[in-house]
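**Q** Dropping a structure here in structure tokens format, bear with me for questions.
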Amino acid sequence: MQPTSLFDQFSALYTSEKLGDHDRPIIKDGIIHAPTFEKQSKRILFIAKEHNLGTDGGSPDFAADYGVWWQNYVYKRFAHRLSEWAYGILNDFPEDFHSISKEERLEALRSIALINVKKSSGTAAANAAIIAAYIAKSKALLQQQIMEIRPTLIVCCFRYDNYPNDLFGETDKILGQKIEMKKHSSNLYSRGLWNGLPVINFFHPSARKSKQFLYTELANALSYATDY
């Protein structure tokens, strides 16, 4: 996880800008398990919109931190799909992903970084206007967090390209270069480059698609993204 001060900065910014949901719990994100992440030849950063708080926030032992949640087990559909995707990317997408063991799933999940562009928690259905406002107002902080993670591959789980185009749009000469995602002819995924890093825009892990379909198409997306 990133230092607490970074999330304090996000929280203060949300409040000062009076962004929607700014008073909801902040969910910490970033590198899940630093020693495991740093030893990977492919350092994968997944980027999503917001955390669906659901009923978790009412628990007295609620951690509000992905680095705590995913240390010892793969929890809920979102995490299961990410573990399959991470395993595939790290192992060149073996065909029989159904045989991935629980231990391999957990190790794959601990090998990644995940951030949400909106750190304040949300609900089951993200509000497009609110997400766009969070990206616009906190883009510099988000890009700072991404650069501190030092990924070699970025996988956005937005589906729609306006989000990565806005997130990686140029803010200054140091923080980034303007990105323009290029949609594949299948219309299932897009690719781009940001500071030399391949960027994929793909489905959300909780998309109502079969896990086989998502796994196969992510393999295709990775091939497309690295074929410049």
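Residue 1631 in this note's numbering is what sits at position 227 of the sequence shown, and the numbering runs on without skipping anything.
Cβ atoms here follow ideal geometry from the backbone N, Cα and C, with glycine treated the same way.
Closest by CA to Gly-1600, which one among Pro-1568, Ser-1590, Asn-1624, Leu-1557?
**A** Leu-1557
**Q** Return helix, strand or coil for Ser-1463, following the three-state DSSP convention.
**A** With a pLDDT of only 49 at Ser-1463, under the threshold of 50, the placement of this residue in the model should not be trusted, and no figure is reported.
**Q** Just to check my reading of the structure: Pro-1555 and Arg-1447 have Cβ atoms closer than 8 Å, yes? What is that Cβ distance to the nearest angstrom?
**A** 5 Å
**Q** So, with DSSP's three-state summary, where would you put Trp-1598?
**A** strand
**Q** Give the range of the beta strand (DSSP E) segment to which Leu-1449 is assigned.
**A** 1448-1452
**Q** Which residues in the same chain have their Cβ closer than 6 Å to the Cβ of Phe-1497, if we skip the five residues on either side of it in sequence?
**A** Ala-1623
**Q** Give the secondary structure of Ile-1578 by DSSP, where H, G and I count as helix, E and B as strand, and everything else as coil.
**A** The pLDDT assigned to Ile-1578 is 49, lower than 50, so where the model puts this residue is not dependable, and the model offers no usable value.
**Q** So what's Asn-1520 in DSSP terms, helix, strand or just coil?
**A** strand
**Q** For His-1502, does the count of other Cβ atoms within 10 angstroms reach 16, so buried, or fall short, so exposed?
**A** exposed
**Q** Under the DSSP definition of a beta bridge, which residues are partnered with Lys-1587?
**A** Ser-1594
**Q** Going by DSSP, name the residue or residues bridged to Val-1603.
**A** DSSP lists Ile-1558, Gly-1596 as partners of Val-1603.
**Q** Contact between the region 1583-1597 and the region 1478-1485 is defined here as three or more beta-carbon pairs at a separation below 8 Å; is this criterion met?
**A** No: the two stretches stay apart, fewer than three of their Cβ pairs being nearer than 8 Å.
**Q** Name the two residues that bound the continuous alpha helix (DSSP H) containing Arg-1509.
**A** 1506-1513
**Q** Kindly give me the distance between the Cβ atoms of Asp-1570 and Ile-1539, rounded to whole angstroms, as I take these residues to be in contact under 8 Å.
**A** The Cβ separation is near 5 Å, so the contact holds.
**Q** For Thr-1575, which residues of its own chain have a beta-carbon under 7 Å away from its beta-carbon, when the five flanking residues on both sides are left out?
**A** A caution first: Thr-1575 carries a pLDDT of 49, below 50, which makes its placement in the model unreliable, though a value can still be read off. If we look at Thr-1575 and ignore the five residues flanking it on each side, its Cβ neighbours are Lys-1543, Ala-1544, Gln-1547.
**Q** Once DSSP output is grouped into helix, strand and coil, what is the label at Asn-1569?
**A** Residue state, collapsed to three classes: helix.
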